[in-house]
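My numbering puts the first residue of the sequence shown at 1, with every later residue one more than the last.
Glycine included, every Cβ here is placed at the ideal spot set by N, Cα and C.
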Amino acid sequence: MNKSAFAPSPGAGSLFVIVAPSGAGKTSLVRAMMNERPAVELSISCTTRAPRPGESDGRDYWFIDRAEFEQRRDAGEFLEWAEVHGNLYGTSRQWIASRIAAGKDIVLEIDWQGAVQVQQLFPDAIGVFIAPPSMETLRERLERRGQDSDEVIERRMTAARGELDQAHRFQYVIINQEFATALQQLICLVDSAGLRFEKQQAREPNLFDRLFPRQHAGRGSR
Ligand code: 5GP
1 MNKSAFAPSP GAGSLFVIVA PSGAGKTSLV RAMMNERPAV ELSISCTTRA
51 PRPGESDGRD YWFIDRAEFE QRRDAGEFLE WAEVHGNLYG TSRQWIASRI
101 AAGKDIVLEI DWQGAVQVQQ LFPDAIGVFI APPSMETLRE RLERRGQDSD
151 EVIERRMTAA RGELDQAHRF QYVIINQEFA TALQQLICLV DSAGLRFEKQ
201 QAREPNLFDR LFPRQHAGRG SR
């Protein structure tokens, strides 16, 4: 499959790429948004990281070992991949291509390096950076989560500083100070992406023919 397989078509869904330092609340926000907007689909990544308590295979990630990851990566199965905190993570190329072709709205919850790769392949992708209100809050959240050792928390704090430096690469920033507010902002982004000219045109071709015959004919996909 080559890059042209991903050329956006007017009827294609929107692709949201959501990036945040761990502990910023990204997973909870995305899950809550998907409860409110059930048509949106989440890409499940492959990772070499061990499952955390409560995580399950196929729901949170596809948990695979390093040898399998490297073999699938070398076979070109990943649209993007990155090493984060010493573990490998990758997004299935085939899944994304098929869901996009089916016109679905898709969310990728990935790190900034992967997001940059995706934004190059899909210039229409909507990049959203979720930030914590402060570094202190981030540390409190990581500690409260109780899933990681002190050493891992320190590593994630250092990584978080590096990740915050990358926020400027994304079109949108949501500051997750108050969960309900951040959730409304994320839902608002998802809804407004669906109102783009081409999305509405694909949904209502006859209405567009009648109302905007000249623009309708002249406007390419974007
Ligand atoms: P965690 O281990 O805390 O679930 O995730 C660590 C980081 O890896 C997070 O920033 C998460 O978004 C990112 N990540 C998860 N899946 C992927 C993926 O498929 N590709 C990339 N590049 N990053 C990912």
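Less than 8 Å between the CB atoms is what I'm expecting for residue i and residue j, so what's the real figure, rounded?
| i | j | result |
| --- | --- | --- |
| residue 133 | residue 177 | 4 Å |
| residue 169 | residue 112 | 7 Å |
| residue 41 | residue 99 | 6 Å |
| residue 29 | residue 186 | 6 Å |
| residue 173 | residue 115 | Not a contact, Cβ separation roughly 13 Å. |
| residue 22 | residue 107 | About 17 Å; that fails the 8 Å criterion. |
Near residue i, which residues of its chain fall below 8 Å by C-beta distance, leaving aside the five closest residues on each side in sequence?
| i | result |
| --- | --- |
| residue 193 | 14, 16, 105, 126, 199 |
| residue 51 | 57, 60, 61, 63 |
| residue 310 | Coverage of the chain is limited to positions 1 through 222, which leaves residue 310 absent and any answer about it impossible. |
| residue 53 | 147 |
What is the DSSP secondary structure of residue i, counted as helix, strand or coil?
| i | result |
| --- | --- |
| residue 43 | coil |
| residue 80 | strand |
| residue 92 | strand |
| residue 57 | strand |
| residue 122 | coil |
| residue 187 | helix |
| residue 179 | helix |
| residue 86 | coil |
| residue 138 | helix |
| residue 174 | strand |
| residue 64 | coil |
| residue 153 | helix |
| residue 12 | coil |
| residue 194 | coil |
| residue 208 | helix |
| residue 127 | strand |
Around the Cβ of residue i, are there at least 16 other Cβ atoms within 10 angstroms (buried) or fewer (exposed)?
| i | result |
| --- | --- |
| residue 163 | buried |
| residue 179 | exposed |
| residue 160 | buried |
| residue 144 | exposed |
| residue 201 | buried |
| residue 24 | buried |
| residue 119 | buried |
| residue 158 | exposed |
| residue 210 | exposed |
| residue 20 | buried |
| residue 246 | For residue 246 there is no data in the structure shown, the boundaries of the chain being 1 and 222. |
| residue 156 | buried |
| residue 182 | buried |
Excluding sequence positions up to five away, which residues of its chain have a Cβ less than 6 Å from the Cβ of residue i?
| i | result |
| --- | --- |
| residue 49 | 87 |
| residue 79 | 91, 93, 96 |
| residue 166 | 112 |
Give every residue of the same chain whose Cβ lies closer than 7 Å to the Cβ of residue i, excluding the five residues on either side of it in the sequence, and list them in chain order.
| i | result |
| --- | --- |
| residue 213 | none |
| residue 27 | 109 |
| residue 117 | 80 |
| residue 12 | 100, 103 |
Check whether the Cβ of residue i sits closer than 8 Å to any heavy atom of the ligand NAD, and report yes or no.
| i | result |
| --- | --- |
| residue 28 | In terms of ligand content, the structure shown lacks the ligand NAD and carries the ligand 5GP instead. |
> Should the region 136-149 be called in touch with the region 67-74, which here means at least 3 C-beta pairs below 8 Å?
Replying inline: Using a Cβ-Cβ distance cut-off of 8 Å, the region 136-149 and the region 67-74 are not in contact, since fewer than three pairs of beta carbons, one from each stretch, lie closer than that value.
> On the three-pair Cβ rule with 8 Å, is the region 73-90 touching the region 43-61?
Replying inline: The answer is yes - the region 43-61 touches the region 73-90, with three or more Cβ pairs under 8 Å.
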